[in-house]
Amino acid sequence: MSLAELDYIEKALDTLKSQQIQLEMISKLLKIEFTEILNLHSTDHLNIVTRVKGEASLKEKILRRSYYKKYNDPKELIYQLSDLIGVRIECRFQQNEYEIYDMLTKHFNTRDEYGHYYNELNPNVKLCLDEKQPEKQNNGFKIFRIDGYITDTDTDLPFELQIKSLVNTFWSEVEHKIIYKNYSFLMMDELLTEMLHSIKNSLSLLDKQLLSIYQNVEQLSTRTDNMKHEILEAVLSRLCNDVFSQKLKEQMGFNINIKKDIQTLVNYTFLAPGEHLATVGGTDQFDYILTVLERISNLANSPIQFNVPIQFESEPVYRSMFAKRIGPYLIEAMNKEFHWNLFFKMLMEIEPQNNVGDFEKFIGFLELAYQRTPSFFQLRQPLYIHLGDDAEAVLDDLMQVVAECMIEIDDIECIYAKGVEQIGISLAEVLVNIIEDLTSYDIWLIKKEEVLSQLREKIINSL
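Counting in this note's numbering, the final residue of the sequence shown is number 464, and the numbers go up one at a time with none missing.
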C-alpha cells in the first residue's frame, strides 16, 4: 500500500468518525420511517435493522474498489457510498420479499426530476425504483437492493435498502464470510462454486417448505384439535431434529441420535405448565406456534456449546416432594453424563427464560407427565372423590417413590416417552387394586408402605 493511499484512507476514516453521531441519528430515523410505512400498509414483516458503515468495512471497500483513483477528495467519497447507511427489512419468506417491494413501489409513487421516488407524507426520503428488482449480483444470486437518499441534510445522504427473508439473511452471512472475501479464489475453483450454488438452491427449497408449513398452519383453524396437535408436533419435531443434529455434527464430528430427546422436548413445549396449547386459542394460538418455530429457526444461526457444564443463576426452588428428590439428582447428572447434559442444553436453548427457570419448569412438566398418562389419569378422579383434598398427599407419596426409582435406575430413558408411559402404567396398576378401599386418608396411612413398596418394585422391574 502506498503512503498516499494510506493517507487517503485515514482522511476518509476521519470524515466518517466526525459524522458518526449524525449518521447514527439518521439511521434511527430511517428505521422509524420504514416501520411506519410497513405499519401503514399492514405489511407483514419480522424486523427492521439499520446500521452505519463501520471503519473496517470502509477501509476494505476503499482498497477493493480502488476509490483512491476514482475520487480525489476522500470527503467526497463518503457521501458517494451507496451503503453509507444500511436499512434491512427482514421477513419470513422469499415470497414476502416481493410483497414488500411491491408495497414500496406503490407507496413511493411520485417521481422527481432526478428519477427518484418519494411519497408526499415525507418527500425527504427517496428511493431509486427504476432498476429491475431483485438485482442480479456478480456471484449470480439475486437480492432486493435499492438505493435511497435523505435530502433534508446539508448534503444528500445515500442509504441502501435491502429486503431479506430468513433464508436470505442466513445466506448473506455465508456470502460475506466465504464468497465476498474470497471471490476471486472461489471463481477459479469450479467444484466449490458448484457446491455453493447447490447450498443456495437448498436454502431456497427450505424457504418454500417453510412457506408451505406456514400456510398449512394458517389453515389449521378449520381442522380438529387433535389433527392440529399432531401436525404441529410433527413440524416442530422435524425442525428441532434438523437444527440440533446439524449443530451436534459440526461440533462433535459425528452423528448422534436425538429423536427421543426431541420428542420429549416437543411434548414439554406443548404441555409445560402455563403454556399448554389447549389454553391458547384463535389468533393467540397461531402466534404462539409461530413464536416457537421462529425461536428454533433462529438457533440455526446461533453458536451452541454442547458437552460443557450448565450453570444456574441461583438455587432452584422445589415446589413438591418429587421436585425435592429428583432436582439435585438431575443437576448432578447434567454436569456429569453426556446424554443428560445434551438434553438440558437443548432444552435451555429452546426456552426463553434463564437456566434455573427452565429447569424448575421442566421438573414441573415431568411430574405432571407421569400423572397424565392415560392409564393413570383416569384414576385421579375417583381418588379425589374418595379422599378430597387428601388426594394431593397421596399423589405426593406416589411421586416421591417415582423420583427415588428414577435415581436408582439412573437412566435418561426414564424421561423419554416410553419410560414415562411405563411409569404411568406402574402407578395405575398399584392404585387400581386399592382405590375402592381408600374411603379415608387414615386407610391410606395404613396401606401406604405396602402400596409404595409394590410401586417401587414394579417401576424398577419395568425399566
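By construction, the Cβ of each residue, glycine as well, lies at the ideal position given by its N, Cα and C atoms.
C-alpha gap between residue i and residue j, whole angstroms
i           : j           : result
residue 185 : residue 65  : Note on residue 185: pLDDT 48, under 50, position unreliable in the model; the coordinate value appears next. Rounded to the nearest angstrom, the two C-alpha atoms are 12 Å apart.
residue 84  : residue 78  : 12 Å
residue 142 : residue 173 : 10 Å
residue 449 : residue 171 : 58 Å
residue 137 : residue 98  : 15 Å
residue 326 : residue 428 : 18 Å
residue 32  : residue 133 : 24 Å
residue 434 : residue 380 : 11 Å
residue 233 : residue 269 : 13 Å
residue 460 : residue 414 : 13 Å
residue 363 : residue 317 : 12 Å
residue 503 : residue 320 : Here the chain covers residues 2 to 464 and nothing more, so residue 503 does not appear.
residue 463 : residue 328 : 23 Å
residue 1   : residue 128 : Since the first residue of the chain shown is 2 and the last is 464, residue 1 is not available in this structure.
residue 96  : residue 111 : 26 Å
residue 114 : residue 206 : 42 Å
residue 258 : residue 247 : 11 Å
residue 245 : residue 314 : 24 Å
residue 407 : residue 209 : 44 Å
residue 118 : residue 23  : 24 Å
residue 61  : residue 254 : 34 Å
Own chain partners of residue i with C-beta closer than 6 Å, once the 5 adjacent residues on each side are dropped
i           : result
residue 120 : 108, 109
residue 237 : 267
residue 30  : none
residue 188 : The pLDDT assigned to residue 188 is 46, lower than 50, so where the model puts this residue is not dependable, and the model offers no usable value.
residue 240 : 297
residue 126 : 34
residue 426 : 376
Cβ neighbours of residue i in the same chain (closer than 8 Å, five flanking residues each side left out)
i           : result
residue 81  : 72, 159
residue 165 : 89, 90, 91, 92, 98, 144, 145, 173
residue 39  : 46, 49, 90, 101, 104
residue 444 : 438
Close-in-space but distant-in-sequence residues of the same chain around residue i (CB under 7 Å, 5 per side omitted)
i           : result
residue 59  : 13, 14, 17
residue 167 : 93, 298
residue 63  : 10, 13, 69
residue 252 : 307
residue 50  : 89, 91
residue 323 : 368, 400, 401, 403, 404
residue 359 : 348, 349, 352
residue 465 : Any question about residue 465 goes unanswered here, given that the chain covers just 2 to 464.
Whole-Å CB distance - residue i paired with residue j, under 8 Å assumed
i           : j           : result
residue 53  : residue 11  : Residue 53 to residue 11, Cβ: 19 Å. No contact.
residue 130 : residue 106 : 6 Å
residue 1   : residue 416 : Because residue 1 is not part of the residues shown, which for the chain are 2 to 464, the question remains open.
residue 342 : residue 311 : 7 Å
residue 421 : residue 455 : Residue 421 to residue 455, Cβ: 20 Å. No contact.
residue 27  : residue 147 : 17 Å between Cβ atoms; not a contact.
residue 453 : residue 387 : Wrong, their Cβ atoms sit about 18 Å apart, outside the cutoff.
* Asked: Curious, which full-length alpha helix (DSSP H) runs of at least 4 residues does the segment 91-119 contain?
  -> The DSSP assignment places 95-108 as complete runs of the alpha helix (DSSP H) inside the segment 91-119, in order along the chain (cut-off: 4 residues).
* Complete beta strand (DSSP E) runs within the segment 23-98 (minimum length 3 residues, chain order) -> Taking only runs of at least 3 residues, the beta strand (DSSP E) segments lying wholly in the segment 23-98 are 48-53, 86-92.
* At least 3 beta-carbon pairs within less than 8 Å: the segment 394-408 vs the segment 341-355 -> They do not touch, by the three-pair rule.
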